[in-house]
Amino acid sequence: MSVTVRAPAKVNLHLGVGRRRSDGFHDLSTVFQAVSLYDEITVEDADELDVVVEGDGADEVPTDTSNLAIRAAIALARQVGREPAVRITIRKGIPVAGGMAGGSADAAATLVACTALWESGIDTDALHAIATTLGSDVPFCLLGGTAIGTGRGDQLTRALARGTYQWVFAIADGGLSTPAVYAELDRIREETPVPESATPHELMTALRSGEARRLGPLLHNDLQRPALRLRPALRRTLEAGRDAHAIGAIVCGSGPTCAFLAQDEPEAVALVAALAGSGTCRSVRRAHGPVAGARVVA
Ligand code: ATP
128 MSVTVRAPAK
138 VNLHLGVGRR
148 RSDGFHDLST
158 VFQAVSLYDE
168 ITVEDADELD
178 VVVEGDGADE
188 VPTDTSNLAI
198 RAAIALARQV
208 GREPAVRITI
218 RKGIPVAGGM
228 AGGSADAAAT
238 LVACTALWES
248 GIDTDALHAI
258 ATTLGSDVPF
268 CLLGGTAIGT
278 GRGDQLTRAL
288 ARGTYQWVFA
298 IADGGLSTPA
308 VYAELDRIRE
318 ETPVPESATP
328 HELMTALRSG
338 EARRLGPLLH
348 NDLQRPALRL
358 RPALRRTLEA
368 GRDAHAIGAI
378 VCGSGPTCAF
388 LAQDEPEAVA
398 LVAALAGSGT
408 CRSVRRAHGP
418 VAGARVVA
């Protein structure tokens, strides 16, 4: 018996980072959108817990208990009182350490897959509670769509959003460490205090209109500045996208992937060609959003 689940990457349309809390986490005010870049996870009964990773960047993904899919299987098994005896196969379609929540997507997919494989009958709220213990982005990878995240980004409310948005992603060589980018933000804020971001009302209105042209200029990411300090070459990537008529250009989460919003599909195709020819990134991918969260496909 095996179950296959597909889970989407995320892009933060808005990422406002508050002060560093005493527990080390930052309070976030974010708007997530799930996009059609997917990791696919298959779980099957086995004698013991094991993980195999395939696809782009697979050799950078750990296969020990620091793998988020392994942690998800262990956490769910503990909750339902059984052994996590499964073999997990991860096919990476989401850039590794790219700021698009690839590890979190794998955790969400594993929770959904093991729930089905074990017929554990665990409800959505309980699954969400386990997801929260695994990582801040895991609950959103379960939910999908477009959602507002507060707290550590794990307290979610569905956003009223219309239409489909055309995205282009420029994937960089190598990843950026999320903790290093947050630490750099803390350093910047010691030098020049930055006002804290609140709920982005204008962006929410743009989302309700369904017009990409209104949304593009309102994309915002507080982690962009620290990511650019750690990886100055990303400025050229963003510039290349703007020059090729992107209506929004932003670093994805903690980077180094850059996200570009296109007006429509033909503009997105043109943007892919321009970025691929710009020599400012390793590869370019096209996607649309919003899409559903982690779902069983087989
Ligand atoms: P974040 O969600 O923190 O923004 P990210 O999207 O930038 O992270 P991920 O692809 O989730 O990046 O990988 C971050 C790190 O997590 C990797 O460097 C890797 O060591 C570790 N990791 C653990 N499990 C996984 C997994 N299943 N897939 C990818 N990376 C994983």
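Taken in order, the sequence shown gives residues 128 to 425; the numbers are from my numbering.
All C-beta atoms, glycine included, are put in the ideal place defined by N, C-alpha and C.
In this text the structure is predicted, and so the values were computed from the model without any measurement.
As the crow flies, the alpha-carbon of A395 is around 28 Å from that of R356. For L312, the shortest C-beta to heavy atom distance toward ligand 1 is 7 Å or greater. In this structure, A367 and S410 do not form a Cβ contact; the two beta carbons are roughly 14 Å apart against a cut-off of 8 Å. For the 8 Å CB-CB criterion, T242 and L254 form a contact. Here DSSP, grouped into helix, strand and coil, assigns V265 to helix.
The alpha-carbon separation between G262 and G420 amounts to approximately 16 Å. Within the region 296-374, the alpha helix (DSSP H) runs of at least 4 residues that lie entirely inside it are, in chain order, 305-318, 328-336, 339-342, 351-357 and 361-370. At a Cβ-Cβ threshold of 8 Å, Y292 and H415 count as neighbours.
The beta carbons of L244 and A212 sit no closer together than 8 Å.
Under the three-state reduction of DSSP output, R289 falls in the coil class, being neither helix nor strand.
Beyond the five residues adjoining it in sequence on each side, R362 comes within less than 8 Å, by CB distance, of L355 in the same chain, given in chain order.
Secondary structure note for Q160: it is in no alpha helix (DSSP H), and the uninterrupted beta strand (DSSP E) holding it is H153 to D172.
Selection V265, L350, E167 and T277 evaluated against G182 yields E167 as nearest (Cα-Cα).
P417 carries a coil assignment under DSSP once its states are collapsed to helix, strand and coil. In chain order, S247 place their CB closer than 6 Å to the CB of V207, counting only its own chain and leaving out the 5 sequence neighbours on each side. Distances taken from the Cβ of G220 to the heavy atoms of ligand 1 include none shorter than 7 Å.
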